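Number of protein chains: 2
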Amino acid sequence: MKNQTQVKKTDPDDQLNRVFHALSDPTRRALLKRLSDAPEKVTALAEPFDMSLNAISKHLKTLEKANLINRDNTGRTSICSLRAEPLHDAQDWLDQYARFWGETLDAFSLHMDKQIDDGTDGSGEKG
Amino acid sequence: MKNQTQVKKTDPDDQLNRVFHALSDPTRRALLKRLSDAPEKVTALAEPFDMSLNAISKHLKTLEKANLINRDNTGRTSICSLRAEPLHDAQDWLDQYARFWGETLDAFSLHMDKQIDDGTDGSGEKG
DNA sequence: TCAATCCTCAACTATTTGGTTGAATATCGG
DNA sequence: CCGATATTCAACCAAATAGTTGAGGATTGA
Chain A
40 MKNQTQVKKT DPDDQLNRVF HALSDPTRRA LLKRLSDAPE KVTALAEPFD MSLNAISKHL
100 KTLEKANLIN RDNTGRTSIC SLRAEPLHDA QDWLDQYARF WGETLDAFSL HMDKQIDDGT
160 DGSGEKG
Chain F
40 MKNQTQVKKT DPDDQLNRVF HALSDPTRRA LLKRLSDAPE KVTALAEPFD MSLNAISKHL
100 KTLEKANLIN RDNTGRTSIC SLRAEPLHDA QDWLDQYARF WGETLDAFSL HMDKQIDDGT
160 DGSGEKG
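Structure (structure tokens):
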């Protein structure tokens with residue numbers, strides 16, 4: 040097993056990977072922004088973009104795989120809505136580094152005092 | 040010009056893109072974790088990984104392009120250290136969605152009341 | 001029924017990514 | 001100078017991404 044950090048080479052199944060990847064694209068961030076206002080159907084979401092409907096459909100699939108959106112399939116339309124929990128997870132991860140920009144650490148710092156666990160140790164995912 | 044959202048098709052120059060992309064890889068997150076403990080030279084950083092030194096060097100370059108690490112080139116060694124500001128930026132972006140998992144909104148919500156600006160409007164980057 | 005609408009699937013392309021190996025550059029130390 | 005160490009550059013490769021077009025499945029509604 041080689042006492043290595045073993046990061047599961049670019050593991051596509053890791054939730055955090057998927058979320059951060061989803062957020063790394065400006066179109067997808069714009070879609071989330073739009074959905075933060077109200078749920079929308081796919082065509083409505085696609086309309087403002089200078090891009091094919093299919094492209095948007097794929098972006099939505101990416102967001103869906105990251106669990107960042109829900110879909111309500113009523114009839115032929117698919118209503119997408121924001122699902123923010125994974126964003127919260129991402130924020131939790133970032134919070135571990137909060138001490139590096141000072142302040143904001145109270146009882147938190149006690150918890151944080153020992154070491155940062157960034158979720159890349161292989162536990163908690165696909166045994 | 041078509042009144043479109045104009046998201047600068049997958050703009051690789053956007054700082055937020057680079058940061059979220061950098062965070063989407065578990066090896067890079069592990070490197071940041073390591074650097075959150077103490078600055079390290081490249082060989083030391085690479086050692087725990089089941090991966091070539093070159094691969095780590097490239098990951099470090101990605102982190103560098105996202106401004107997530109600094110390098111102190113003393114002699115033949117390159118000492119890498121964490122630079123957390125961009126993480127803070129990422130957290131700020133995520134904070135805009137905080138209202139979706141309830142609470143934590145005080146004077147913040149006033150600022151947020153109107154609309155979310157997710158940094159994909161094209162301002163502030165490469166004119 | 002049948003045309004229009006909404007959306008996804010399939011196939012293709014170009015580009016990026018994440019990894020490799022091998023050579024090159026640069027410094028350190030005898 | 002010369003060898004060892006530290007790091008990067010260059011070329012290459014496989015796989016994933018982000019986009020396209022075209023076809024097809026469902027649903028709506030006249």
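Residue numbers (the working numbering), protein chains in the order written: chain A, 40 to 166; chain F, 40 to 166. Idealized CB from N, CA, C, for every residue including glycine. These numbers were taken from a predicted model, which means no experiment stands behind them.
Checklist entry - Among F:Lys100, F:Arg73, F:Lys80 and F:Leu107, which residue has its Cα nearest to the Cα of proline 125 of chain F? => result Within the second sequence, residue 125 of chain F is the residue found at index 86, counting from 1. Taking only the C-alpha atoms, the option nearest proline 125 of chain F is F:Leu107.
Checklist entry - For leucine 71 of chain A, which three-state DSSP category applies? => result Against the first sequence, residue 71 of chain A aligns to sequence position 32. Annotated three-state conformation of leucine 71 of chain A is helix, per DSSP.
Next on the checklist: Please report the distance separating the alpha-carbon of asparagine 112 of chain A from that of threonine 82 of chain A.
Outcome noted: Residue 112 of chain A sits at position 73 when you count from the first residue of the first sequence. Residue 82 of chain A sits at position 43 when you count from the first residue of the first sequence. Going by the C-alpha atoms only, they are around 13 Å apart.
Item to check | Neighbour-count burial assignment, leucine 92 of chain F, 16 or more Cβ in a 10 Å radius | outcome: As a working note, residue 92 of chain F is residue 53 in the second sequence. So leucine 92 of chain F ends up on the exposed side.
Next on the checklist: With a threshold of 8 Å between beta-carbons, can leucine 92 of chain A be considered close to chain F, or not?
Outcome noted: As a first step, residue 92 of chain A must be located in the first sequence, where it is residue number 53. For leucine 92 of chain A, the closest Cβ of chain F is not nearer than 8 Å.
Next on the checklist: Excluding the 5 residues flanking leucine 74 of chain A on each side, which residues of the same chain have their C-beta closer than 8 Å to its C-beta?
Outcome noted: For this step, residue 74 of chain A is matched to residue 35 along the first sequence. Excluding the 5 residues flanking it on each side, leucine 74 of chain A has same chain C-beta neighbours closer than 8 Å at Leu84, Ile108, Cys119, Ser120 and Leu121, in chain order.
Next on the checklist: What would DSSP say about leucine 121 of chain F, mapped onto helix, strand or coil?
Outcome noted: For the purposes of this step, residue 121 of chain F is taken as the residue at position 82 of the second sequence. Residue state, collapsed to three classes: strand.
Item to check | CB of arginine 67 of chain F within 8 Å of CB of threonine 116 of chain F, strictly | outcome: Taking the second sequence and counting its residues from 1, one reaches residue 67 of chain F at position 28. Taking the second sequence and counting its residues from 1, one reaches residue 116 of chain F at position 77. No, they are not a contact pair.
Item to check | chain A contact for leucine 126 of chain F (CB, 8 Å cutoff) | outcome: Position 87 of the second sequence holds residue 126 of chain F. Chain A has a Cβ within less than 8 Å of the Cβ of leucine 126 of chain F.
Checklist entry - Which of the residues in the region 67 to 84 of chain F, read from start to end, lie with their CB under 8 Å from any CB of chain A? => result Look at the region 67 to 84 of chain F: the residues with a C-beta under 8 Å from a C-beta of chain A are Arg68, Ala69, Leu71, Lys72, Ser75 and Asp76.
Checklist entry - Can you name the residues of chain A whose CB is closer than 9 Å to the CB of glutamine 54 of chain F? => result Within the second sequence, the letter at position 15 stands for residue 54 of chain F. Those within 9 Å of glutamine 54 of chain F in chain A number zero; the least Cβ separation is about 11 Å.
Next on the checklist: I'd like to check one pair, glutamine 54 of chain A with glutamine 130 of chain F: are the Cβ atoms closer than 8 Å?
Outcome noted: Within the second sequence, residue 130 of chain F is the residue found at index 91, counting from 1. Within the first sequence, residue 54 of chain A is the residue found at index 15, counting from 1. In this structure, glutamine 54 of chain A does not lie closer than 8 Å to glutamine 130 of chain F by Cβ.
Next on the checklist: Suppose the cutoff is 8 Å on Cβ atoms and the five residues either side in sequence are ignored; what does the same chain contact list for methionine 40 of chain F look like?
Outcome noted: Mapped onto the second sequence, residue 40 of chain F falls at position 1. Annotation note: pLDDT 36 at methionine 40 of chain F (below 50); position unreliable, coordinate value reported separately. None.
Item to check | Status (buried if at least 16 other CB within 10 Å, exposed otherwise) for glutamate 79 of chain F | outcome: Taking the first residue of the second sequence as position 1, residue 79 of chain F is located at position 40. Glutamate 79 of chain F is buried by the Cβ-count criterion.
Next on the checklist: If I measure Cβ to Cβ from methionine 90 of chain A and keep anything under 8 Å in the same chain, skipping five residues before and after, which residues do I get?
Outcome noted: On the first sequence, residue 90 of chain A is found 51 positions in, with the first residue counted as 1. Cβ within range, chain order: Thr66.
Next on the checklist: Applying the 10 Å Cβ sphere with the 16-neighbour rule, what's the burial state of histidine 140 of chain A?
Outcome noted: Residue mapping note: residue 140 of chain A aligns to position 101 of the first sequence, counting from 1. The sequence as given places tryptophan at residue 140 of chain A; histidine does not occur at that position. That one is exposed.
Checklist entry - DSSP puts glutamate 79 of chain A in a beta bridge; with which residues? => result Position 40 of the first sequence, counted from the start, is the residue given in the question as residue 79 of chain A. Beta-bridge pairing links glutamate 79 of chain A to A:Cys119.
Item to check | Those residues which DSSP pairs with isoleucine 95 of chain A across a bridge | outcome: By one-based count along the first sequence, residue 95 of chain A stands at place 56. According to DSSP, which records beta bridges pairwise, isoleucine 95 of chain A is partnered with nothing at all.
Item to check | N- and C-terminal bounds of the alpha helix (DSSP H) containing asparagine 56 of chain F | outcome: Taking the second sequence and counting its residues from 1, one reaches residue 56 of chain F at position 17. Judged by DSSP secondary structure, asparagine 56 of chain F falls within the alpha helix (DSSP H) whose first and last residues are 54 to 62.
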